[in-house]
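To start, the structure itself, in structure tokens.
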Amino acid sequence: KNQVEQSPQSLIILEGKNCTLQCNYTVSPFSNLRWYKQDTGRGPVSLTIMTFSENTKSNGRYTATLDADTKQSSLHITASQLSDSASYICVVSPRDNYGQNFVFGPGTRLSVLP
Amino acid sequence: KAGVTQTPRYLIKTRGQQVTLSCSPISGHRSVSWYQQTPGQGLQFLFEYFSETQRNKGNFPGRFSGRQFSNSRSEMNVSTLELGDSALYLCASSLAVSPNSPLHFGNGTRLTVT
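Chains as they are written, first to last, in our numbering: chain A, -6 to 107; chain B, 827 to 940.
Dropping the structure here:
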């Protein structure tokens, strides 16, 4: 069964610190892996999209890595800001997916404190 | 460029009633997909429409249905509402020219069933 797991479930850090969120998946084969940021009461916003052949992708202070051999991805946030407080969702698209029926992780809830 | 617009933002309905949610995609996007988000299950794919045709369907009962119009706007209908249907319903649009096409979410409709 295609599944995506994320850890930790929640995380609290101080403003200015770095953090790393983890994503493990069993979706195989897959086309791409995505990271989304979702603020409370809002829709998810895309941070990065990596194809199965990419190892890393950056978007400002956000850097995602992908290891297709171990089926793991991570999202590293550098110099955190209060506005980074949100849920971060890992999403995997199966290779035979010609639509939008992605496999979603449960998300990691990040709280950045002043 | 305007983003994905969902209406209404909030809805309160009674068990047994039916409800229709609306989604206007980003101009030029032909794919519209719908997702249900609950605290317990996370994000789950409902269905996707592309050029007025349902291209994919998730594992939801037949009470959940949708359609897409010639201008790509989409509606989702839930009949005979149950308490468990209370959720944030998210719509997303995409150019869908490849499996790696970015997905753009609206801010959702919060449905409460009492």
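Glycine included, every Cβ here is placed at the ideal spot set by N, Cα and C.
A quick note: this is a predicted structure, and the numbers were derived from the prediction, not measured.
Return the Cβ separation of residue i and residue j in integer angstroms, given the expectation that the two are a contact with Cβ distance under 8 Å.
i	j	result
F97 of chain A	L869 of chain B	4 Å
T938 of chain B	G842 of chain B	Not a contact, Cβ separation roughly 14 Å.
N878 of chain B	F895 of chain B	At residue 878 of chain B the sequence reads Glu, which differs from the Asn that was named. With 8 Å as the limit, E878 of chain B and F895 of chain B qualify as a contact, their Cβ atoms being about 7 Å apart.
K64 of chain A	Y29 of chain A	Incorrect: roughly 19 Å between the Cβ atoms, too far for contact.
A57 of chain A	T49 of chain A	7 Å
Considering just the uninterrupted stretch of the beta strand (DSSP E) at residue i, what are its terminal residues?
i	result
F871 of chain B	G868 to F876
I6 of chain A	S3 to L7
Q863 of chain B	S857 to T864
R881 of chain B	T879 to K883
G892 of chain B	F890 to Q894
V845 of chain B	V845 to S850
L26 of chain A	F23 to Q31
T63 of chain A	Here T63 of chain A belongs to no beta strand (DSSP E), and DSSP marks it neither H nor E.
R102 of chain A	T101 to L106
P87 of chain A	A79 to P87
E901 of chain B	S900 to V904
Q832 of chain B	T831 to T833
E(-2) of chain A	V(-3) to S0
L916 of chain B	A913 to S920
K839 of chain B	Y836 to K839
S39 of chain A	V38 to T44
V939 of chain B	T935 to V939
K50 of chain A	T49 to N52
N17 of chain A	C12 to Y18
Do the CB positions of residue i and residue j come within less than 7 Å of each other?
i	j	result
L14 of chain A	L75 of chain A	no
Q832 of chain B	G910 of chain B	no
S86 of chain A	S0 of chain A	no
L872 of chain B	G884 of chain B	yes
P22 of chain A	I82 of chain A	no
S78 of chain A	S104 of chain A	yes
S46 of chain A	P928 of chain B	no
S857 of chain B	F886 of chain B	no
T919 of chain B	H855 of chain B	Rather than Thr, the amino acid found at residue 919 of chain B in this sequence is Ser. Yes; because the gap between Cβ atoms is below 7 Å, this pair is in contact.
Y55 of chain A	I70 of chain A	yes
R936 of chain B	Y836 of chain B	yes
L26 of chain A	S80 of chain A	no
N882 of chain B	N94 of chain A	yes
P834 of chain B	S898 of chain B	no
T840 of chain B	T940 of chain B	yes
Can you tell me which of the options puts its alpha carbon nearest to the alpha carbon of residue i?
i	options	result
N(-5) of chain A	A:L4, A:C83, A:V20 and A:I5	A:V20
L4 of chain A	A:S73, A:S39, A:A57 and A:R88	A:S73
H930 of chain B	B:C849, B:A913, B:F886 and B:E901	B:C849
V845 of chain B	B:A828, B:N926, B:P925 and B:A913	B:A913
S853 of chain B	B:K839, B:N882, B:G934 and B:V830	B:V830
G100 of chain A	B:L847, B:G866 and B:T840	B:G866
D32 of chain A	A:E8, A:G9 and A:R102	A:R102
A61 of chain A	A:R35, A:C16 and A:G34	A:C16
V(-3) of chain A	A:P107, A:R88, A:L59 and A:V84	A:V84
- Along the region 902 to 924 of chain B, what residues have a CB closer than 9 Å to any CB found in chain A? Cβ contacts with chain A come from L914, L916, C917, A918, S920, A922 and S924.
- Item | chain B contacts made by the region 17 to 39 of chain A, where a contact means CB separation under 9 Å | For the region 17 to 39 of chain A, which is checked against every Cβ of chain B, the residues closer than 9 Å are S24, N25, R27, Y29, Q31, G34, R35, G36, P37, V38 and S39.
- Message: Using a Cβ-Cβ cutoff of 8 Å, what residues of the region 45 to 72 of chain A are near chain B? List them in chain order.
- Response: Correct list: empty, as no residue qualifies.
- Using Cβ-Cβ distances below 7 Å, what residues of the region 841 to 866 of chain B are close to chain A? Within the region 841 to 866 of chain B, the qualifying residues are S857 and S859.
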